[in-house]
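Presented below is the structure to which this report refers.
Residue numbers (the working numbering): 12 to 454.
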């Protein structure tokens with residue numbers, strides 16, 4: 012039994028395995044013949060004699076295999092993956108061990124999935140299994156990475172913010188890499204950084220939110236406090252910041268704490284701020300997420316204890332969007348850049364919710380998950396329409412609204428609401444902040 016270990020330019024059997032004396036046979040409730048191979052699919056191929064074969068291609072860091080009810084013949088990824096880290100979606104779908112075959116031994120139980128081999132596995136329903144190779148690329152010694160932002164043009168430039176640990180005396184900070192995580196520079200020491208934002212038009216300008224608001228105009232060499240007119244005290248802290256994508260001088264910042272919070276607006280890049288009118292809006296509670304419509308920047312969504320609030324006039328007036336979470340936080344709000352009426356919100360107890368009409372109506376968006384499920388972070392690939400989400404049970408992906416969530420790694424995330432999560436500008440790499448920063452290269 013064999014599989015493709017890499018993504019190859021020409022997957023025909025005669026090219027990849029020129030000495031094969033048969034076609035390739037895959038299994039889909041019965042054996043079927045094919046002349047072309049796909050990675051993550053298992054095959055039977057006959058050879059006249061034993062040989063060593065070199066395959067040239069590109070490594071795949073994320074592989075997803077579709078399963079049907081019954082036995083399935085799946086292929087490995089480009090990396091050795093312990094069976095314990097192969098994730099089924101739904102999680103209870105797999106009902107057998109993984110079995111592989113060597114002619115001299117016969118079938119035997121596998122504890123790892125090896126590139127180039129294939130495996131039998133039984134499923135009790137239709138679903139998927141995923142093999143993901145997350146790479147730790149730095150800041151793992153003491154840093155709990157709580158915020159990440161990537162440069163809009165240069166994928167090698169990444170900024171991270173981390174949290175302080177008051178019990179150990181460790182101070183959080185802001186860090187930067189200019190070589191994709193090979194080395195990191197320390198820009199700021201002190202504080203717990205709940206949010207970072209980069210100016211999309213002037214990317215040397217970066218904002219860091221850590222109780223107050225810091226701004227650097229020169230890529231982190233110098234920093235200024237930009238929180239004048241924002242009410243802050245020992246119980247009220249700045250928490251999140253959003254930049255108007257069409258006019259980066261316009262900023263929105265939220266505060267929160269034991270005595271509630273407020274939403275503020277600046278039209279001069281944070282030099283001065285004004286509090287937005289409250290009207291009937293419950294923005295005196297903690298504001299835990301902000302999102303600006305990329306096509307209509309006067310439309311803004313704010314997540315708080317009482318659900319998602321919406322303004323269509325740049326913050327002058329607000330209304331309840333219709334998602335009432337009854338006192339649990341909205342940790343993340345995602346606006347689809349291609350269909351801005353499609354909004355996804357991540358909520359602290361009941362997972363993800365979706366609206367297809369700009370927040371007027373909402374529905375649960377948890378297909379493919381099981382048990383208790385919370386929604387912490389969200390991002391989207393606007394080219395492929397793939398949505399990525401973080402829960403305390405792991406990282407998930409789904410294709411638009413017509414699919415189910417597939418878990419792609421990192422189970423047991425404990426940093427509720429404060430894990431960094433970002434897709435780079437090329438839509439090729441996903442970053443996750445935990446104890447250190449992790450990278451997943453996407454297909």
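Each residue gets a CB set at the ideal place from its N, CA and C atoms; glycine is no exception.
Between the alpha carbons of residue i and residue j, how many angstroms are there, rounded?
| i | j | result |
| --- | --- | --- |
| residue 391 | residue 218 | 22 angstroms |
| residue 226 | residue 74 | 39 angstroms |
| residue 133 | residue 238 | 58 angstroms |
| residue 39 | residue 25 | 22 angstroms |
| residue 279 | residue 352 | 29 angstroms |
| residue 283 | residue 243 | 14 angstroms |
| residue 342 | residue 118 | 47 angstroms |
| residue 220 | residue 62 | 59 angstroms |
| residue 155 | residue 173 | 5 angstroms |
| residue 325 | residue 100 | 40 angstroms |
| residue 162 | residue 441 | 13 angstroms |
| residue 354 | residue 302 | 10 angstroms |
| residue 10 | residue 385 | For residue 10 there is no data in the structure shown, the boundaries of the chain being 12 and 454. |
| residue 447 | residue 148 | 8 angstroms |
| residue 196 | residue 143 | 28 angstroms |
| residue 145 | residue 112 | 28 angstroms |
| residue 168 | residue 179 | 30 angstroms |
| residue 377 | residue 276 | 33 angstroms |
| residue 66 | residue 438 | 27 angstroms |
| residue 240 | residue 372 | 36 angstroms |
| residue 124 | residue 18 | 17 angstroms |
| residue 313 | residue 329 | 10 angstroms |
| residue 350 | residue 365 | 13 angstroms |
| residue 108 | residue 120 | 7 angstroms |
Among the options, which residue has its Cα nearest to the Cα of residue i?
| i | options | result |
| --- | --- | --- |
| residue 305 | 323, 56 and 365 | 323 |
| residue 432 | 59, 388 and 417 | 388 |
| residue 50 | 68, 64 and 41 | 68 |
| residue 60 | 33, 414, 270 and 203 | 33 |
| residue 319 | 344, 325 and 308 | 344 |
| residue 141 | 175, 89, 162 and 151 | 89 |
| residue 247 | 265, 256 and 260 | 265 |
| residue 92 | 372, 126, 403 and 176 | 126 |
| residue 270 | 298, 228, 402 and 350 | 298 |
| residue 410 | 84, 394 and 340 | 394 |
| residue 369 | 165, 182, 333 and 12 | 333 |
| residue 130 | 97, 149 and 380 | 97 |
| residue 288 | 316, 327 and 314 | 327 |
| residue 256 | 229, 285 and 212 | 212 |
| residue 52 | 268, 307 and 36 | 36 |
| residue 413 | 401, 87 and 397 | 397 |
| residue 87 | 55, 128 and 451 | 128 |
| residue 78 | 55, 72 and 103 | 103 |
| residue 224 | 190, 232 and 250 | 250 |
| residue 13 | 408, 64, 94 and 206 | 64 |
| residue 187 | 231, 222, 434 and 137 | 231 |
| residue 406 | 183, 445, 310 and 308 | 445 |
| residue 28 | 259, 43, 20 and 56 | 56 |
With DSSP collapsed to three states, give me the class of residue i.
| i | result |
| --- | --- |
| residue 26 | helix |
| residue 130 | strand |
| residue 409 | strand |
| residue 39 | coil |
| residue 441 | strand |
| residue 194 | coil |
| residue 240 | coil |
| residue 276 | strand |
| residue 395 | coil |
| residue 142 | strand |
| residue 19 | coil |
| residue 148 | coil |
| residue 34 | coil |
| residue 204 | coil |
| residue 282 | coil |
| residue 155 | strand |
| residue 221 | strand |
| residue 447 | strand |
Provide the residue(s) that pair with residue i in DSSP beta bridges, ordered along the chain.
| i | result |
| --- | --- |
| residue 419 | The partner list for residue 419 (beta bridge, DSSP) is empty, contrary to what the question assumes. |
| residue 401 | 388 and 406 |
| residue 364 | 356 and 375 |
| residue 235 | 226 |
| residue 247 | 268 |
| residue 253 | 263 |
| residue 434 | 441 |
| residue 136 | Per DSSP, none; premise fails for residue 136. |
| residue 199 | 185 |
When you compare the CB of residue i with every CB in chain C, is at least one pair closer than 8 angstroms?
| i | result |
| --- | --- |
| residue 185 | This model lacks chain C altogether, as it is built from one protein chain only. |
Kindly provide the ranges of any alpha helix (DSSP H) runs that are 4 or more residues long and lie completely inside the region 43-124, ordered along the chain.
List check, alpha helix (DSSP H) in window: nothing returned.
Segments of 3+ residues assigned as beta strand (DSSP E) that fall wholly inside the region 298-357:
298-303, 311-315, 318-322 and 341-346, all fully within the region 298-357.
Could I get the ranges of all uninterrupted beta strand (DSSP E) runs contained in the region 160-191, with 3 residues as the minimum, in chain order?
Along the length of the region 160-191, whole beta strand (DSSP E) runs at least 3 residues long occupy 169-173 and 184-188, reported in chain order.
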